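One structure is given below, encoded as structure tokens.
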Amino acid sequence: MLSHAIFVLVLPLISAAVIALFFRRSGSVAAAISTLTAAAIAVIAVILALHSERFDQSFEWMRLGDLVLSIGFKFDDLAALMLTIVGVVGLCVHVFSLGYMHDDPDRARYFGGLSIFMFSMLGIVFADNLFMMFIFWELVGFSSWLLINHYMDRQSAADAAKKAFIVNRVGDFGFLLGIAWCYAEFGTTNLTELAKATGGGAGEGGAVIAAGIPLLLFCGAVGKSAQLPLHVWLPDAMEGPTPVSALIHAATMVAAGIYMLCRIHVLMVPDALTVIMWTGTATALYAALCAITQSDIKKVLAYSTLSQLGYMVAAFGLGTNTHLHGGDAHTVVTTLGVGAAMFHLTTHAFFKALLFLGSGAVIHACHHEQDIFKMGGLRKKLPVTFVTFTIGVLAIIGLPGLAGFFSKDAILALAIGVNKPVFAVLAFTAVLTAFYMVRLWTLVFMGAPRSDHADHAHEGPWTLKVPLVILSLLSIVGGYEWFYYDVFQGAFADIVELSPDVHKSPYHTVILLTSIAVMVVGAVAAFLFYKPASTDALATKLPVLFGALSALKASFDRLYDYYVAKIQQRFAMLLNFLEQIFLAGLIVRGLGGIVGLFGLGARALHVGNVNAYAYWFLLGAVALWAFATGMLTF
């Protein structure tokens, strides 16, 4: 099985290299190579997951003194689950791209970029140590930059790519510091050895670890998974092709931060988890409020992704529990947060990839129109897209029986037992989720067409429809235990069993009623506001609220713009001034000037006159005599 893992990791790299070297001008061949590679990855991923063998093996790559850098493979149930998600969703996106990017003149570069991304993401999944994970972490960032900037002739795409790259570097710097501190503390970054060093869990075995290490490592997740305050890059990243948004910015890359947190849960301490919990909760609420004001179909889904990622981070942070022992409360770290976060990561990958690809089908049918207020009436013109997109909407708002209902309830069950204020915020966020998603669905598919593009829309080819059907089925069955135990033969049992059992929760009835209530309230409110209108009903009926939400959305960008222009740029100008005066002036030019003066003096002594040289000889002899007799000292 190790050979299969090595093969599936290297395969997309070979695909990218072949496309770059031989088929840069042949889009059809490049698309075929990349898609067949994605199909092979999906098949091997499922085979690896179904096979009972799990392994953990590393190979020394580089030795720098006592520091050993290894390339290793840690394949457990967690990696098997993530590998399957990447493989299946990646294949769906590749097939969808065949139709969506059919007329793009730069198809070869696009599919080569997808192969590079698959290689980078698989490296993160298999990594058995933090150094290797960081290498592929940066490659994922490069892949994201490459694909966001696919339409490089558009300034907005170039700016979005640069923004994503720079913002992620901020989080990655903290991640790198956390890795270095982890190595200094434990003498290793190997995930298995770290688990042994911490006694299998940071809250067990009497191990006490400073919160600094997990919080610095969490910085990487804040950047990659777009959590507050480094969330600003993700909405702008929608400048890339829509299939890229589905693969990288909804289902896999942004989920890498959640996966990394689950990998390092043994390093977590309650204080760090509290910070993580509130960061995720705040992100979920903030992004949901911002989504209400969006008119671009992809940006609604982008802010929805931010909100759902906040749910996952909050779920992981909720992995603390308080037990009473002899009347004293002791807080210990549990793994329930890992199960809840990964459960929602899985279901979200299915229904959010479905929604993004569905939005791509709508955009393709409407001649690349993305304004939801210029759509309408598409339910009759795009029947397959309408049905599958509706399933995705119902899944994300938590209709009982669909995947999103089960994973969201697992998080709420964890929250209500650990931290009721977090439960209240997440429940209110669910109301907002139902509101903005039903708003989107109503304006896009209901009513009459509000533009010529919408009026003449028609269903795309089979390459656009088949992935939607597959993902819609997964969005239905992806929340049931039988799907993981029967279809996948218990391949992910170690992760599935970690998810909170809602039925055994003493708050089971409260959670069920809350889930149904928040879905109904949000959906009904959206229907009352949008019937469907040609203008933003929220802006016209509640202008003050709409203005406040719009200002909230733009607040972070304005804050960063102010910081860069008024603080960072001026500080850089001050450093440049000091560099010119002291370094380039006094030290470099100053020392050079002094040496030059000595040179001028030395040259002045060489006058070419024998009498002058005789006088200098006598003066030197006198000085030497004075020094030898002690009359002259230095």
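471 is the number of the first residue of the sequence shown in the working numbering; add one for each residue after it.
Even for Gly, the Cβ is constructed at its ideal location relative to N, Cα and C.
Predicted model only: the values in this text are computed from it and were never measured.
Please go through the same chain and pick out, in chain order, the residues whose beta-carbon is closer than 6 Å to the beta-carbon of residue i, but skip the five residues on each side of it.
i: K694; result: A726 and G727
i: M1101; result: none
i: T899; result: A754, L755 and A758
i: F1016; result: L1008 and A1009
i: V558; result: A512
i: L731; result: A691 and F786
i: S777; result: A754, A757 and A758
i: L686; result: G644, L647 and G648
i: L944; result: F820
i: A631; result: W615, I618 and N619
i: V556; result: M591 and T722
i: C689; result: G641, G644 and F645
For residue i, write down the residues that DSSP places opposite it in a beta bridge.
i: D1031; result: BP columns for D1031 are empty, so no partner.
i: N660; result: N599
i: V538; result: R533
i: F525; result: F545
Leaving out five residues before and five after residue i in sequence, what residues of the same chain have Cβ atoms less than 7 Å from its Cβ?
i: A550; result: L518, A519, A961 and F962
i: T554; result: A515, V516 and A519
i: L982; result: none
i: V488; result: I503
i: V637; result: G693, L700, V702 and W703
i: G797; result: In this prediction, G797 has a pLDDT of 40, which is less than 50 and means its spatial position is unreliable; what the coordinates show is noted afterwards. Around G797: no qualifying Cβ.
i: M622; result: A628
i: P919; result: G846, G847 and D925
Measure the CB-CB distance between residue i and residue j and report whether it falls below 7 Å.
i: L825; j: F566; result: no
i: G930; j: G847; result: no
i: S969; j: F813; result: yes
i: Y570; j: P482; result: no
i: M845; j: A924; result: yes
i: F606; j: F543; result: no
i: T507; j: S485; result: yes
i: D1027; j: V702; result: yes
i: G780; j: G809; result: no
i: L872; j: L864; result: yes
i: L664; j: V736; result: yes
i: A490; j: L568; result: no
i: Y729; j: M552; result: yes
i: M471; j: H521; result: yes
i: A897; j: T984; result: yes
i: S765; j: T817; result: no
i: G807; j: G830; result: no
i: Y1000; j: L913; result: yes
i: A752; j: L698; result: yes
i: F953; j: F856; result: no
i: M907; j: I867; result: yes
i: L1029; j: T763; result: no
i: V972; j: D879; result: yes
In its own chain, which residues sit with a C-beta less than 8 Å from the C-beta of residue i, not counting the 5 before and 5 after it?
i: F477; result: I514
i: E951; result: V966
i: T662; result: D526, K544 and D598
i: G1090; result: none
i: K822; result: A716, A720, A721, L771, S774, T775, Q778, G862 and I866
i: S942; result: L824, V857, T858, I861 and G862
Fill in: Touching by the beta-carbon criterion (3+ pairs, under 8 Å), the region 604-615 and the region 717-725
yes
Worksheet item: In the region 759-787, which residue ranges form an unbroken alpha helix (DSSP H) of at least 4 residues, counting only runs that do not cross its ends?
Response: Counting only runs of 4 or more, we get 767-787.
Fill in: Inside the region 824-852 only - alpha helix (DSSP H) runs reaching at least 4 residues
848-851
Fill in: Cβ contact (3+ pairs, closer than 8 Å) linking the region 538-558 and the region 592-607
yes
Practice prompt. Would you list, in sequence order, the uninterrupted alpha helix (DSSP H) runs of no fewer than 4 residues that lie entirely inside the region 676-760?
Written response: Taken in chain order, the complete alpha helix (DSSP H) segments of 4 or more residues contained in the region 676-760 are 682-694, 703-706, 712-716 and 726-733.
Discussion item. Does the region 734-751 come into contact with the region 856-866, if we say contact requires no fewer than three beta-carbon pairs (one atom in each stretch) closer than 8 Å?
Written reply: no
Worksheet item: Is the region 687-707 close to the region 616-632, with three or more CB pairs under 8 Å?
Response: yes
Discussion item. Pairs of beta-carbons, one from the region 1022-1042 and one from the region 924-939, closer than 8 Å: are there three or more?
Written reply: no
Discussion item. Which runs of the alpha helix (DSSP H) at least 4 residues long sit entirely within the region 852-876? Give them in chain order.
Written reply: Segments of the alpha helix (DSSP H) lying fully in the region 852-876: 853-867.
Worksheet item: Counting Cβ pairs, one atom from each stretch, are 3 or more of them under 8 Å apart for the region 567-581 and the region 836-855?
Response: no
Discussion item. Does the region 768-787 come into contact with the region 877-885, if we say contact requires no fewer than three beta-carbon pairs (one atom in each stretch) closer than 8 Å?
Written reply: yes
Worksheet entry | Segments assigned alpha helix (DSSP H), at least 4 residues, entirely inside the region 607-658 | 625-656
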